[in-house]
Amino acid sequence: MSLAFQEIQETIRMIQMEKLDIRTVTMGISLKDCMDQNPAVMRKLVYEKILSHAGSLVEEAEIISEEYGIPIVNKRISITPAAELLGTSTVEDAVELAKTLDKAAAATGIDFIGGFSALIHKGAARGDEILLDALPRALSETSRVCGSVSVATTKTGINMDGVKKLGEVIKEASDRTADNNGIACAKFVVFCNPAEDNPFMAGAFHGTGEQEVVLNVGVSGPGVVLNALKRYPEADLGEVSEVIKRTAFKITRAGELIGREVASRLGIEFGIMDLSLAPTNAMNDSVAEILEEIGLEQVGTHGTIAALAMMNDAVKKGGAMASSYVGGLSGAFIPVSEDNGMIKGIEDGSLSLSKLEAMTCVCSVGLDMIALNGDADASGISGLIADEMAIGMINKKTTAVRVIPVPGMKEGDMAEFGGLLGRAPVISLNPRSPEKFIRRGGRIPAPLQALIN
Amino acid sequence: MKEKKAVISVVGKDQVGIIAGVTTVLADNDINILDISQTILQDFFTMMMLVEIKDPEKMEQLQLDLEEIRNRMHLKIDVQREDLFQTMHRI
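As they're listed, the protein sequences go chains P and W.
The opening residue of the first sequence carries number 1 in my numbering; numbering runs sequentially from there.
The opening residue of the second sequence carries number 1001 in my numbering; numbering runs sequentially from there.
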């Protein structure tokens, strides 16, 4: 069937005017066969394996981007959670491994490599302990290495010893990069119910149930959804949901086509499509602005959660119909520093940390790219993590925490992170301490929701 | 690689010789035009063409030739594989 003039124009408009793009093609690489008792040998194997698979990732992605006239913004790599490799290592070896990953990322021309990670939702094995101890240095002494730690799942409950430790890790990582507003923390995510095939950073890792090598694709398009809604200013909410769904469908179809093409040129398997509305600091590329277009005077006011819930659900429905292999996080992201509307919401006093927490109950992921007061203590951050983990655990969804205590800054200051990471107004933690709660440690048992067998 | 279809879109201020210029480049690059439609919107010339690219290896040369006409006539010309549009608009 031939294409109509309007259809061609619609696609071109989406790409050129509304910032439809393939946000990331992320190659997942298993490093299980690189394990070695000798850390120097292991580093060599890791470096060679990454280069052998991902050596031409950037080049092929750029050729395909050119052919289709659609930008592929980021090319990235995720690896087997590094803790799996570190059972016989020292902390020093672990930091060296992170530096090797950094070098491999630079050599392949990608901007981020994810998977300096550990899964400790029930407890930490030796390799996990080593990784946790190495994390602050690994994050602050590399520029492209991203880490994540799973500290809770619906099936296992919340590892509160891990939560306590991670508050300390985040504080130390921030202190080690005090000259750069604690930027190391922007590369680190704490997860509940992590997605093992998530292509988006900083939380991407190549799960232990994944194949040898795989290509996962993340598409985005808040700008496309925003512009589609602008054409229906008086539609009722059922119709608004339909517009979002239809738009999400088209975006996902484009993403899957490109993803499959990149995978086929690289001779690897296509994994999943992750359709997430991921904002950027570009004009009109904001999730907050979509909520405002739906009818909120400003994001954060009453109605924000209902509007977000509807949008998140419509995105999923459109995406699920468009691709047989939808995975990752698929939903709306609300990273504060990367969304002009969210930044303004906080500056104007409309959006608060409590509201952001509540929003994470109904959208994908969680507290993302939030700048905290520099004197926030580790137990306060652990408390924040514990709350977010509880939301994920009870609601059987992925939740995450990526917060940056900014050394020397207090509420009302603006922290600049630069580039893709944007800038964020500093929010203060509640000054009352959860220290005793966090110090108790142990494991919060899995909820009744886990007993489904 | 087998033959591929592509959509070429041309946008710019209306002037004499746009179609002639663009189609000459296509003919020189052995590209067959399957369908063509154009319109003028507020002085802006907009043309869409569906073309058949016989030898995808020569795409680089095509882009170079188009670059000349882009600059000379101040046009925005994009070449995009057609399956993108099919995928987005046809189930």
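Built from N, CA and C at the ideal position, the CB exists for glycine as well.
The model shown is predicted, which means the values in this text are computed figures rather than measured ones.
Cβ-Cβ distance between residue i and residue j below 9 Å
{"i": "P:Ile404", "j": "P:Ser174", "result": "yes"}
{"i": "P:Gly115", "j": "P:Ile79", "result": "yes"}
{"i": "P:Thr153", "j": "P:Asn216", "result": "no"}
{"i": "W:Ile1069", "j": "W:Leu1062", "result": "no"}
{"i": "W:Ile1040", "j": "W:Val1022", "result": "no"}
{"i": "P:Gly327", "j": "P:Asp274", "result": "yes"}
{"i": "W:Phe1045", "j": "W:Val1011", "result": "yes"}
{"i": "P:Ala446", "j": "P:Gly157", "result": "yes"}
{"i": "P:Gly147", "j": "P:Ser117", "result": "yes"}
{"i": "P:Ala55", "j": "P:Val214", "result": "The sequence as given places Gly at residue 55 of chain P; Ala does not occur at that position. Going by C-beta atoms, P:Gly55 is not nearer than 9 Å to P:Val214."}
{"i": "P:Leu308", "j": "P:Val225", "result": "no"}
{"i": "P:Ile113", "j": "P:Gly69", "result": "no"}
{"i": "P:Phe333", "j": "P:Asp368", "result": "yes"}
{"i": "P:Gly468", "j": "P:Leu429", "result": "Residue coverage of chain P in this structure runs from 1 to 453, which leaves residue 468 of chain P outside it and unanswerable."}
{"i": "P:Leu257", "j": "W:Leu1026", "result": "no"}
{"i": "P:Leu20", "j": "P:Lys49", "result": "no"}
{"i": "P:Ser89", "j": "P:Ile120", "result": "no"}
{"i": "P:Ile265", "j": "P:Glu60", "result": "The displayed chain sequence assigns Arg, not Ile, to residue 265 of chain P. Contact: yes."}
{"i": "P:Ala400", "j": "P:Val365", "result": "yes"}
{"i": "P:Thr11", "j": "P:Met201", "result": "no"}
{"i": "P:Glu388", "j": "P:Glu357", "result": "yes"}
{"i": "P:Asp33", "j": "P:Val91", "result": "no"}
{"i": "P:Asp93", "j": "P:Pro136", "result": "no"}
{"i": "P:Ile272", "j": "P:Leu237", "result": "no"}
Proximal residues of chain W, C-beta to C-beta of residue i below 9 Å
{"i": "P:Arg231", "result": "By Cβ distance, chain W contributes nothing, its closest Cβ being about 17 Å from P:Arg231, past 9 Å."}
Under the three-state DSSP convention, the category residue i falls into
{"i": "P:Lys397", "result": "coil"}
{"i": "W:Ser1009", "result": "strand"}
{"i": "P:Ser382", "result": "helix"}
{"i": "P:Arg265", "result": "helix"}
{"i": "P:Lys344", "result": "helix"}
{"i": "W:Ile1077", "result": "strand"}
{"i": "P:Cys185", "result": "helix"}
{"i": "P:Val163", "result": "helix"}
{"i": "P:Pro335", "result": "strand"}
{"i": "P:Lys155", "result": "coil"}
{"i": "P:Ser140", "result": "helix"}
{"i": "P:Asp93", "result": "helix"}
{"i": "P:Ser276", "result": "coil"}
{"i": "P:Phe205", "result": "coil"}
{"i": "W:Met1001", "result": "In this predicted model, W:Met1001 has a pLDDT of only 45, less than 50, meaning its place in the structure is not dependable; the value taken from the coordinates is given anyway. W:Met1001: coil per DSSP, three-state reduction."}
{"i": "W:His1089", "result": "helix"}
{"i": "P:Ala107", "result": "helix"}
{"i": "P:Met389", "result": "helix"}
{"i": "P:Leu308", "result": "helix"}
{"i": "P:Gly327", "result": "coil"}
{"i": "P:Met359", "result": "helix"}
{"i": "P:Leu296", "result": "coil"}
{"i": "P:Asn180", "result": "helix"}
{"i": "P:Phe200", "result": "coil"}
{"i": "P:Gly271", "result": "strand"}
Neighbouring residues, chain P, relative to residue i (Cβ below 7 Å)
{"i": "W:Gln1080", "result": "Tyr68, Gly69"}
{"i": "W:Asp1083", "result": "Leu257"}
Partner residues on chain P for residue i, Cβ-Cβ distance less than 8 Å
{"i": "W:His1074", "result": "In chain order: nothing, as chain P lies at least about 16 Å away."}
{"i": "W:Phe1045", "result": "Those within 8 Å of W:Phe1045 in chain P number zero; the least Cβ separation is about 14 Å."}
{"i": "W:Thr982", "result": "No statement about residue 982 of chain W is possible, as the shown extent of chain W runs from 1001 to 1091 and does not include it."}
Beta-carbon neighbours of residue i, restricted to chain W and to distances below 8 Å
{"i": "P:Ser2", "result": "Asp1035, Leu1050"}
Per-residue contacts from residue i into chain P (C-beta, under 9 Å)
{"i": "W:Leu1106", "result": "As shown, chain W starts at 1001 and ends at 1091. That puts residue 1106 of chain W outside it, with no answer to give."}
{"i": "W:Val1007", "result": "Leu3, Ile8, Thr11, Ile12, Gly69"}
Cβ-heavy atom distance, residue i to the ligand ATP, below 8 Å
{"i": "P:Asp368", "result": "This structure lacks the ligand ATP, and indeed carries no ligand of any kind."}
*Just by C-beta distance, which residues in the segment 234-255 of chain P are closer than 9 Å to chain W?*
Phe249, Lys250, Ile251, Arg253, Ala254
_Threshold first: 4 residues or longer. Then list the alpha helix (DSSP H) segments lying entirely within the segment 20-68 of chain P, N to C._
39-54, 57-68
*Cβ-based contacts, 7 Å cut-off: residues of the segment 4-19 of chain P near chain W*: Phe5, Glu7, Ile8, Thr11, Ile12
*Scan the segment 1016-1073 of chain W and note each continuous alpha helix (DSSP H) run of 4 residues or more that stays entirely inside, going in chain order.*
1018-1028, 1059-1073
*Ignoring anything shorter than 3 residues or poking outside the segment 401-442 of chain P, list the beta strand (DSSP E) runs there in chain order.*
414-416, 423-425
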